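Asker: First residue of the sequence shown: 1432, per the working numbering; consecutive thereafter.
No residue lacks a Cβ here, since even glycine has one placed at the ideal position from N, Cα and C.
From a predicted model like this one, the values you see are computed outputs, not experimental measurements.
Structure provided below as C-alpha cells; questions to follow.
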Amino acid sequence: NTIKKFNKIDSLVNSAGILKAGDVLNSDIGVYDELFNVNVRCLVRLTREALPHIIKSKGTVVNVSSINGPCPFPGVTYYCMSKSAVDQFTKCLALEMAPHGVRVNAVNPGVTVTNLHRRSGQDEKAYAAFLEKSKTTHALGRPADPKEVAEAILFLASERTMLLYLCLQCQLYCTLYADPALKYSLTFRYFDSMVLVAVITGASSGIGAAIAVRLAKERYALSLSGRDEDALKKTVKLCFDAGAPSATITVGDLCDEANLKKLIDHTIKEFDKIDTLINCAGVLTVGDIIDTDIDVYDRQMEVNVRR
1432 NTIKKFNKID SLVNSAGILK AGDVLNSDIG VYDELFNVNV RCLVRLTREA
1482 LPHIIKSKGT VVNVSSINGP CPFPGVTYYC MSKSAVDQFT KCLALEMAPH
1532 GVRVNAVNPG VTVTNLHRRS GQDEKAYAAF LEKSKTTHAL GRPADPKEVA
1582 EAILFLASER TMLLYLCLQC QLYCTLYADP ALKYSLTFRY FDSMVLVAVI
1632 TGASSGIGAA IAVRLAKERY ALSLSGRDED ALKKTVKLCF DAGAPSATIT
1682 VGDLCDEANL KKLIDHTIKE FDKIDTLINC AGVLTVGDII DTDIDVYDRQ
1732 MEVNVRR
C-alpha cells in the first residue's frame, strides 16, 4: 500500500511492541512465544519486506528497542530477551546494509509514559507507583515523554536533526567588527532565545572545525576556542558561510585556568547562555614509555583530560 501510494520508502521505524510481565518459573512458554512473535519476528519480517525499497532510496531503519535490551530486570525476562534480540538484529543489519548506503539504528528508551505497562496488566494504582519509583531510577528524575523519544528517532531517521526546525532565523543584522586582512566582515545576527549556543574547543582545525561548520548549518550560535587565531577566523568564515546566526572566538591555551574562565565568561557575555559544550581540544605525542619523558605524560593529561 505504501509503494502504491508514494512509490518509495525512505525510512522504516519499527515501533510496534508489547510487554508481558512475569518471572520465568511462573510464565507459560506461550508468553515467550507471543513476545518474540510481536517484538522480534514481525519486526524482522516487515524489515525484510521494506529493505529492497529502502536500499533503492539509500534510506534508514530505526528500531524502537528498550533499556531492557542491554540491562536485565527481574519479572520481565522474556521481554528483556526480545529487546536484546532487537538490539543484535539492529547491529547485524547495520553491518549488512552499510555497503548499500542504508543506516540502521535503534533507540533504547527507559521508562516512557505510554500505555505499554497498562496493557501488560498493571492497574492505575500500580502504574502510578511504578512511575513514582521511576523518578529515582532515571537521571532526569522523571520518566520520558514519547515526544522526546520521537525526536531521537527523527534524528536517526533523517540526516537533518530536530534542531533545524527549532532555531529561529531573524532578519536583523549588525556588523561588530571588520578585519581587512580577512576581506570580510564578521557579522552577528540578533537571535531569539530559542537559538542554541555551542561552545567548541579545538575549533582551529580538524574535528573541532568540522563540528563547528556542521552546527552552523543547524543555525547554532557558536563560541569557538583554539590557540591559532588565524585558523579560528577561517573557521568562523566557514561557519558564517554555512549559515551560523552568530559566532565569536576566544584565543588561548586552555591549560591556562585564566583562559578557561575567559572562554566561559566571554560566551555568557555574548549569548547569555550555553546549551552545548563540545570538548574537542587535544594533543598527541608519540613515543614509547622507556624513551618518553614524564613531561610528555603531564602535557597530554593536562590537555586531554584535566582541562
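1. Between Leu1663 and Gly1713, what straight-line distance do the alpha-carbon atoms span, to the nearest angstrom?
2. Going along the chain, which unbroken runs of the alpha helix (DSSP H) with 4 or more residues stay wholly within the segment 1510-1584?
3. Return the chain-ordered list of same chain residues with a C-beta closer than 6 angstroms to the C-beta of Ala1452, the five sequence neighbours on each side being excluded.
4. Check Leu1655 in the structure and name its three-state DSSP category.
5. Can you tell me whether Val1714 is helix, strand or coil according to DSSP?
6. Rounding to the nearest angstrom, what Cα-Cα distance links His1569 and Ser1458 in this structure?
7. Straight-line CA distance for Lys1648 to Gln1553?
8. Taking only three categories from DSSP, how would you classify Val1682?
9. For Arg1479, does the count of other Cβ atoms within 10 angstroms reach 16, so buried, or fall short, so exposed?
10. Within the continuous alpha helix (DSSP H) that includes Thr1698, where are the two ends?
11. Across which residues does DSSP place Ile1709 in a beta bridge pair?
12. Thinking C-alpha only, which one of Ala1581, Cys1523 and Lys1489 is nearest Ser1446?
13. Mind checking Ser1488: buried by the 16 CB within 10 Å criterion, or exposed?
14. Would a C-beta distance cut-off of 8 angstroms place Cys1711 and Ala1629 closer than the cut-off?
15. Work out the CA separation of Met1512 and Lys1668 for me, nearest whole Å.
16. Using the Cβ count rule (16 or more neighbours within 10 Å means buried), how would you classify Phe1619?
17. Rank Cys1670, Leu1627 and Glu1660 by C-alpha distance to the C-alpha of Ile1642 and give the top, closest one.
18. Can you give, in chain order, each stretch of the alpha helix (DSSP H) that sits fully within the segment 1444-1517 and has at least 4 residues?
Answerer: Judging by the given coordinates:
1. Computed Cα separation, rounded: 15 angstroms.
2. For the segment 1510-1584, whole alpha helix (DSSP H) runs of length 4 or above, ordered along the chain, are 1547-1550 and 1555-1568.
3. Excluding positions up to five away in sequence, the list reads Gly1506, Val1507 and Ser1551.
4. Three-state result, Leu1655: strand.
5. Of the three classes helix, strand and coil, the one that applies to Val1714 here is coil, per DSSP.
6. Cα atoms of His1569 and Ser1458: separation of roughly 28 angstroms, rounded to the nearest angstrom.
7. Looking at the two C-alpha atoms, the distance is approximately 46 angstroms.
8. Taken through DSSP and simplified to helix, strand or coil, Val1682 comes out as strand.
9. Classification of Arg1479: exposed, given that the 10 Å Cβ count is below 16.
10. Note, Thr1698: alpha helix (DSSP H), Glu1688 to Phe1702.
11. Looking at the DSSP assignment, Ile1709 forms a beta bridge with Ile1631.
12. Residue nearest to Ser1446 within the set Ala1581, Cys1523 and Lys1489 is Ala1581 (criterion: CA-CA distance).
13. With fewer than 16 other Cβ atoms within 10 Å, it is exposed.
14. In this structure, the beta-carbon distance from Cys1711 to Ala1629 does not fall below 8 angstroms.
15. For Lys1668 and Met1512, the distance between alpha carbons rounds to 51 angstroms.
16. Confidence is the limiting factor: at Phe1619 the pLDDT is only 37, short of 50, which leaves the residue's position unreliable, though a coordinate-based value still follows. Burial call: buried.
17. The shortest C-alpha separation from Ile1642 is found at Cys1670.
18. Fully enclosed alpha helix (DSSP H) runs of no fewer than 4 residues occupy 1460-1467 and 1473-1488 of the segment 1444-1517, in order along the chain.
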